[in-house]
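Here is the structure we will look at, set down as structure tokens.
Protein chains: 4
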Amino acid sequence: MTVNVSVVVGNPKPASRTLKVATALVEHLLDPGSFDLTLIDLADHEADIFAWPSEKMAALNASVAESDLAVFASPTYKATYTGLLKAFLDRYPANGLAGVVAIPLLTGADQTHSMGPTHSLAPLLAELGAIVPGRGLYFVASQMDRLDELVSAAAAEYRGNLSRLARVAAHAGTVEGVSR
Amino acid sequence: MTVNVSVVVGNPKPASRTLKVATALVEHLLDPGSFDLTLIDLADHEADIFAWPSEKMAALNASVAESDLAVFASPTYKATYTGLLKAFLDRYPANGLAGVVAIPLLTGADQTHSMGPTHSLAPLLAELGAIVPGRGLYFVASQMDRLDELVSAAAAEYRGNLSRLARVAAHAGTVEGVSR
Amino acid sequence: MTVNVSVVVGNPKPASRTLKVATALVEHLLDPGSFDLTLIDLADHEADIFAWPSEKMAALNASVAESDLAVFASPTYKATYTGLLKAFLDRYPANGLAGVVAIPLLTGADQTHSMGPTHSLAPLLAELGAIVPGRGLYFVASQMDRLDELVSAAAAEYRGNLSRLARVAAHAGTVEGVSR
Amino acid sequence: MTVNVSVVVGNPKPASRTLKVATALVEHLLDPGSFDLTLIDLADHEADIFAWPSEKMAALNASVAESDLAVFASPTYKATYTGLLKAFLDRYPANGLAGVVAIPLLTGADQTHSMGPTHSLAPLLAELGAIVPGRGLYFVASQMDRLDELVSAAAAEYRGNLSRLARVAAHAGTVEGVSR
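Protein chains in written order, with this note's numbering: chain V, 1 to 180; chain F, 181 to 360; chain U, 361 to 540; chain Y, 541 to 720.
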């Protein structure tokens, strides 16, 4: 059995380094062959992002909401996520990402805004009901030559966190209807 | 096998309603008999909170850091956690709560500050390496007569989240040395 | 001599109540006849918000950056400003609102998100170099029948703040070249 | 006529570099001889910070609340202000710093937490009714040899901001009873 994974990239420019970091994180985090990956590069959907209603956007939103795991990635604009990523998330109703395990990821030019993922993007995802299993990931764009090393370390921290969470989960009372 | 649970209460007044809400949450979340509970009411330790070094405080800090699950609870002062709770957390070194599954809980007079647990206390705990498996819990103090109902609903949401996290954990690559 | 004032509204729907609250605030804050008002309803510019370059958008951005005072207003989406407003602000370079006195304003359904203007929109404007002379304003949309009363109270607080600021300004060392 | 200025330092260790940066900022910002400075080093008051009631603490709180300008300075602990500073601010009632022009200042080891003053300490002060006329100041402690240069630049930005604010103040409707 596999898990459904989404990567949502909020860079107004397509095929960005941010996208590359996000997909690398998924590959380092999950066992090969254990997941189906849906990649949503919002740069491809700028023309529809404010359209309402939009079957196309609704399908994208639903795809992410049905994921087991989703990485929400954006370059850092004005110390936080882009308006493009926020506009995509704005399309959800209250609690629209309930139950989705989510990893917030921001790329930036230097360490100045490294609080962004944990203090700004993570709370936004939690508002929507997503579950963020650890710190957000901040990646300094000039370190693309160390991509594997840095993403591997982040993935190891998330794996450790998931293992600790599973231990607590085993002692939490069973709830009817939450498994899928 | 049991899990170690801590409840840390940052109310300058002892035996507060905040303490009562926090312990009720643990009881609703975990199976009876499956956990050992350590309760730290910081009102009992105000005289030592800035002492450095302090064997007594170091023991309290270590006890929480070694927990599988910890609830960090505080009344809302100036829209966020109290200085007393922060002073306790300030005693940790960087990453001092690594691997602890943590639930942020604030009590308040009305809905005005209900963003506090998710937007302020949760990021603080994540900075220390704790893992926050969902939204923070905000409890309006005038609703003590509905304590069981409200805490039960919050516990059900956390249980659902933990179940979802365990599902992803099962597909994350194994890491040597993270289990305890 | 008059001051230049901008009102920027980030509601994806045009001519919103949010717009009405923002313009009412300006009218209560400044002396009649003492200001020139530019109103930018971003709902009218959705098709261009991600266009790059765009002479039209550049003119709008410049107009706000050259204002003495600007109100940035948005409905509350996911506990904070809309992606539409953020996308407009993302077009500025670093420090692009330097020296602009700015008032953050969010409208919302209830008090649940009342921390948004002060804790989320105000810091975003400060990142861009804008000067926020007080708390952000949160307006519960169901109180439109009390618009004048509530906005008048907010304007009085800002006027008091500006008076206090002017008093400190009189004792701050003179800087060459900052007056306009 | 002079203005009353307070410097409040939240470092648990007395006579810190943080204190030195804060007083240097006041000296660069205001004209010599134009202000009376009260310096509150909270390290000297740890034993009383949770005492309630306390005439001594009440006098300190009142002194700051009656200031025209106050600098609130703290080292960065866990990405934000210390528990000691928060505990001092917790002693105020709602709106307890109304009308005080306030500058948030954090010192830190590197740029990692540079969002703290603007995104965390400034909103806290605004919650209390203080008026923050610009970005918060973040000072990297290893740059003490450039203290005058860096603080001078920050002071120049605040002076420019105050000048812009005074310009808007001149067009804001007069309010009875706000001058002192």
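Ideal placement from N, C-alpha and C gives every residue a C-beta, glycine not left out.
Rounded to the nearest whole angstrom, the CA to CA distance from Leu205 (chain F) to Glu567 (chain Y) is 51 Å. Identification of chain V residues near Ala302 (chain F) by a Cβ-Cβ cut-off of 8 Å yields Ala122, Pro123, Ala126, ordered along the chain. When secondary structure is reduced to three states using DSSP, Asn544 (chain Y) falls in the strand class. Within the same chain, Val547, Val549, Val611, Ala613, Leu645 come within 7 Å of Ala562 (chain Y) by CB-CB distance, once the 5 residues on both sides are set aside.
Look at Ser434 (chain U) here: in three-state DSSP terms it is strand. Using a CB distance cut-off of 7 Å, Arg197 (chain F) does not count as an interface residue toward chain V. Non-local beta-carbon contacts of Asn275 (chain F) in its own chain, meaning distances under 8 Å to residues more than five positions away in sequence, involve Leu308, Gly309 in chain order. Our two residues, Leu85 (chain V) and His659 (chain Y), have alpha carbons roughly 20 Å apart in a direct line. Residue F:Val244 holds the alpha-carbon nearest to the alpha-carbon of Leu219 (chain F) among F:Arg197, F:Val244, F:Thr292. Listed by position along chain F, the residues whose Cβ is nearer than 9 Å to that of Gln503 (chain U) form an empty set, because the closest Cβ is around 15 Å away.
Within the DSSP bridge table, the entry for Phe499 (chain U) names U:Thr467 as partners.
When 9 Å is used as the limit between beta carbons, Asp428 (chain U) is near these residues of chain Y: Arg704, Arg707, Val708, His711, in chain order. Assignment of Leu97 (chain V) by DSSP, reduced to helix, strand and coil, places it in the coil class. Listed by position along chain U, the residues whose Cβ is nearer than 9 Å to that of Ala259 (chain F) are Met475, Thr478, His479.
Chain U has no Cβ within less than 7 Å of the Cβ of Pro53 (chain V). Among the CB atoms of chain Y, none fall inside 7 Å of the CB of Thr2 (chain V). At a cut-off of 7 Å between C-beta atoms, Thr472 (chain U) counts as an interface residue with respect to chain F. When only Cα atoms are considered, Gly476 (chain U) and Met181 (chain F) end up about 44 Å apart.
The DSSP assignment places complete beta strand (DSSP E) segments of no fewer than 3 residues inside the region 190 to 251 of chain F at 215 to 221, in order along the chain. For the C-beta of Glu27 (chain V), not a single chain U residue is nearer than 9 Å; the gap to the nearest is close to 28 Å. For Pro673 (chain Y), the chain U residues whose Cβ falls inside 9 Å of its Cβ are Ile491, Val492, Pro493, Leu525, Val528, Ala529, in order along the chain. In this structure, Arg524 (chain U) lies near Val641 (chain Y), with their beta-carbon atoms less than 7 Å apart. In the DSSP assignment, Pro483 (chain U) falls within the alpha helix (DSSP H) that extends over 482 to 487. Ranked by Cα distance from Ala482 (chain U), the options V:Ala79, V:Gly136, V:Val151 are led by V:Ala79. Looking at the DSSP output, Thr80 (chain V) sits in a beta bridge with V:Tyr77. Between the alpha carbons of Asn61 (chain V) and Phe88 (chain V) lies a distance of about 8 Å. The Cβ atoms of Ala712 (chain Y) and Leu390 (chain U) sit closer than 7 Å to each other.
Gly623 (chain Y) has its alpha-carbon roughly 4 Å from the corresponding atom of Gly263 (chain F). Here DSSP, grouped into helix, strand and coil, assigns Ala462 (chain U) to strand. Out of V:Phe50, V:Leu137, V:His113, V:Asp68, the CA that lies nearest to the CA of His405 (chain U) is found in V:Phe50. By the criterion of a C-beta distance shorter than 8 Å, Pro14 (chain V) is surrounded in its chain by Asp41, Ala43, Asp44, once the five residues flanking it on both sides are discounted.
The three-state secondary structure of Ala709 (chain Y), taken from DSSP, is helix. A check of alpha carbon separations from Tyr452 (chain U) across U:Ala530, U:Asn371, U:Trp412, U:Gly393 identifies U:Trp412 as the nearest. If you draw a straight line from the Cα of Ser114 (chain V) to the Cα of Thr18 (chain V), it is about 15 Å long.
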